[in-house]
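These protein sequences, in sequence, are chains E and R.
Numbering (my numbering) for the first sequence: 298 to 551.
Numbering (my numbering) for the second sequence: 298 to 551.
Idealized CB from N, CA, C, for every residue including glycine.
The structure displayed is predicted, hence computed values, not measured ones.
Written below as structure tokens is the structure these notes are about.
Protein chains: 2
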Amino acid sequence: MDDAALRFRARMKPFKTNAMKKTLPKQRSKTKHAKTARRRAAAPARKRIRLDPELRSGQILRGAIAFFAERGFGGQTRELAQQLGISQGLLYRYFPTKESLIEQIYEELFVKRFKPEWDTLLTDRSVPLLDRLTDFYRDYSEMLHDDEWGRIYLYSGLGGSSIARRFATHVTQSIFTRVIDELRHDCGVPGVAGKPMSEPEAELMWGLHGSIFYIGIRKSVYRVEPPRDIAGTVRRMVENFYDNGRELMRVSAS
Amino acid sequence: MDDAALRFRARMKPFKTNAMKKTLPKQRSKTKHAKTARRRAAAPARKRIRLDPELRSGQILRGAIAFFAERGFGGQTRELAQQLGISQGLLYRYFPTKESLIEQIYEELFVKRFKPEWDTLLTDRSVPLLDRLTDFYRDYSEMLHDDEWGRIYLYSGLGGSSIARRFATHVTQSIFTRVIDELRHDCGVPGVAGKPMSEPEAELMWGLHGSIFYIGIRKSVYRVEPPRDIAGTVRRMVENFYDNGRELMRVSAS
DNA sequence: GACGCTATTGATCATTTGACCAATAATAAT
DNA sequence: ATTATTATTGGTCAAATGATCAATAGCGTC
């Protein structure tokens with residue numbers, strides 16, 4: 298028992314040192330009494346702002362997206378709370394765990410931001426295909442090139458989140474199939490219903506998506522100067538894709 | 298003082314519970330005596346393997362690359378040590394801090410794996426340009442598509458490491474300039490010495506790199522089926538790039 | 001203006017985690 | 001064999017980190 302007591306004493310002493318390294322955490326007396334007065338003297342005494350729960354949870358979610366996009370999901374709840382100007386404990390009133398907060402972020406970014414109208418936009422054959430493609434990718438790339446979206450998409454993928462994988466495959470199946478079908482129709486070739494998408498066709502699509510998304514990676518991850526004219530660059534990429542695609546159709550037909 | 302003692306006791310009890318959750322850490326008696334026999338009985342009693350420091354540090358570095366590529370740099374040193382089959386403390390004999398270990402990883406991946414001969418390969422005008430480009434990108438993409446390389450490149454970039462940024466800009470300046478210069482020469486247009494690389498030219502290069510790297514991202518990050526024929530896909534991307542590039546030169550000239 | 005509801009806070013807990021160190025055991029030298 | 005050297009280990013510390021909770025104070029209601 299005395300050996301344990303020794304360890305205890307040894308442990309207690311540096312605790313003070315530890316605390317002093319941070320931003321004046323408390324400096325409190327041993328007794329629990331007179332704590333209010335003491336606390337007000339030592340701490341900055343945050344002004345308490347009472348918000349409607351709806352507003353507060355939205356504020357936290359938005360703040361968390363910005364915070365985790367910057368720091369990764371290893372970012373600490375204390376720092377997030379500080380950045381939001383609220384206490385750390387409050388986070389747990391709106392989100393039972395850090396993990397659940399992250400789940401909400403996924404929902405917000407990867408589910409809610411996927412627009413179903415993209416599909417109808419791509420299939421409106423009253424508009425020339427190249428125009429449809431240009432319009433679609435202009436809008437789509439706005440999402441891809443958003444700093445927060447891109448970084449969290451990468452963090453979630455690296456972390457092995459199933460939703461990132463699901464998003465990636467879903468995009469493949471829905472958009473890729475649609476575009477190739479339209480491209481084939483544009484070239485007078487039978488659609489994907491008859492002959493499924495070939496690997497070169499799929500890779501042509503991946504190539505376009507990769508080059509467009511990479512603009513975002515460059516900008517949001519490696520902080521390398523993006524093109525001054527992003528829209529123009531995307532347009533040119535789509536045009537190249539269109540040319541290469543028509544050429545591929547011609548070659549594949551023979 | 299008694300209040301402190303209380304806290305101590307309260308603190309001590311769960312320690313045992315905690316320990317039990319892990320893989321049988323110790324279960325040791327209060328006295329320091331008879332520890333060897335006790336320890337051998339309780340713990341798996343790791344067989345001590347003594348290695349040449351050169352070998353050991355290399356083993357640790359290689360293991361750390363695999364480990365952090367999978368887990369990200371938030372991965373814990375204890376788990377890394379376990380995966381290596383060594384004690385956690387040993388890591389600190391070879392690398393003073395976790396941070397320094399990570400620095401070594403950067404050195405290994407982003408400095409040592411950059412091949413200077415790539416430049417000479419690209420400029421050998423006795424070989425047709427398209428062949429040079431195909432050869433270069435076949436070799437270069439081998440690095441880009443390596444699971445560990447790609448994931449750590451992304452993690453380091455997201456983490457804001459300066460070396461990731463430096464690597465990205467260095468690639469731009471050295472490879473991009475070289476390729477565009479060769480492409481211009483191939484089209485009978487004045488080189489980059491006279492007229493610097495234009496934004497469309499740079500973006501054409503970024504597009505190629507993006508689409509090639511994205512194959513790796515797809516494979517290593519999102520675990521989406523990569524093309525069965527990666528080399529062929531890369532070749533096709535280079536061919537498309539070459540065609541689009543020549544077209545761009547033709548248009549730019551007018 | 002007192003009251004009640006509940007959003008908010010600061011303190012605290014249990015555990016995790018990077019780092020450190022004294023003791024130990026391979027291996028080489030004698 | 002004995003000894004010297006040092007690679008290796010288990011244990012430990014200080015700090016950090018997700019989570020919990022009793023106390024508190026902002027805001028609407030009467």
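Chain-order list of chain E residues neighbouring Y452(R): L455, by C-beta distance under 7 angstroms. Interface with chain E (9 angstroms Cβ-Cβ cutoff): G369(R) is included. Chain-order list of chain E residues neighbouring F433(R): empty, with the shortest C-beta distance near 18 angstroms, by a criterion of under 7 angstroms. With a minimum length of 3 residues, there is no unbroken run of beta strand (DSSP E) contained wholly in the region 375-425 of chain R. The beta carbon of T474(R) sits closer than 8 angstroms to those of V489, M494, all from its chain and outside the five residues before and after it, given in chain order.
Between D443(E) and chain R, the shortest Cβ-Cβ separation is not below 9 angstroms. In the structure shown, P350(E) falls within a helical segment according to DSSP collapsed to helix, strand and coil. DSSP assignment within the region 452-517 of chain R yields the following whole alpha helix (DSSP H) runs of 4 residues or more, N-terminal first: 459-468, 474-483, 496-517.
Around R532(E), no beta-carbon contact reaches into chain R at under 7 angstroms, the shortest distance being about 11 angstroms. In the structure shown, G371(E) falls within a coil segment according to DSSP collapsed to helix, strand and coil. Restricting attention to S517(E), L480(E), P523(E), D526(E), the CA atom closest to the CA of L545(E) is found in L480(E). For A461(R), the chain E residues whose C-beta falls within less than 7 angstroms of its own C-beta are Y519, listed in chain order.
Rounded to the nearest angstrom, the Cβ distance from W415(E) to F433(E) is 6 angstroms, consistent with a contact under 8 angstroms.
Pairwise C-beta distances place the region 509-524 of chain R out of contact with the region 464-472 of chain R, as fewer than three of them are shorter than 8 angstroms. Here DSSP, grouped into helix, strand and coil, assigns V535(R) to helix.
Look at the beta carbons and you see the region 498-505 of chain R touching the region 528-541 of chain R: at least three pairs across the two are nearer than 8 angstroms. Rounded to whole angstroms, the separation of the alpha carbons of G369(E) and V518(E) is 12 angstroms. By the beta-carbon neighbour count (other beta carbons within 10 angstroms, threshold 16), V408(R) is exposed. At a cut-off of 9 angstroms between beta carbons, R353(E) makes no contact with chain R. Here the C-alpha atom of E396(E) lies approximately 14 angstroms from the C-alpha atom of L377(E). The beta carbons of Y403(E) and S458(E) sit closer together than 9 angstroms. Near chain R, meaning a CB-to-CB distance below 9 angstroms, the residues of the region 489-516 of chain E are E496, P497, A499, E500, L501, W503, G504, L505, H506, G507, S508, I509, F510, Y511, I512, I514, R515.
Put simply, the CB of E544(E) is near chain R, with a gap under 9 angstroms to one of its CB atoms.
R448(R) belongs to the set of residues whose beta carbon lies under 9 angstroms from a beta carbon in chain E. For P524(E), the chain R residues whose Cβ falls inside 7 angstroms of its Cβ are E496, E500, in order along the chain.
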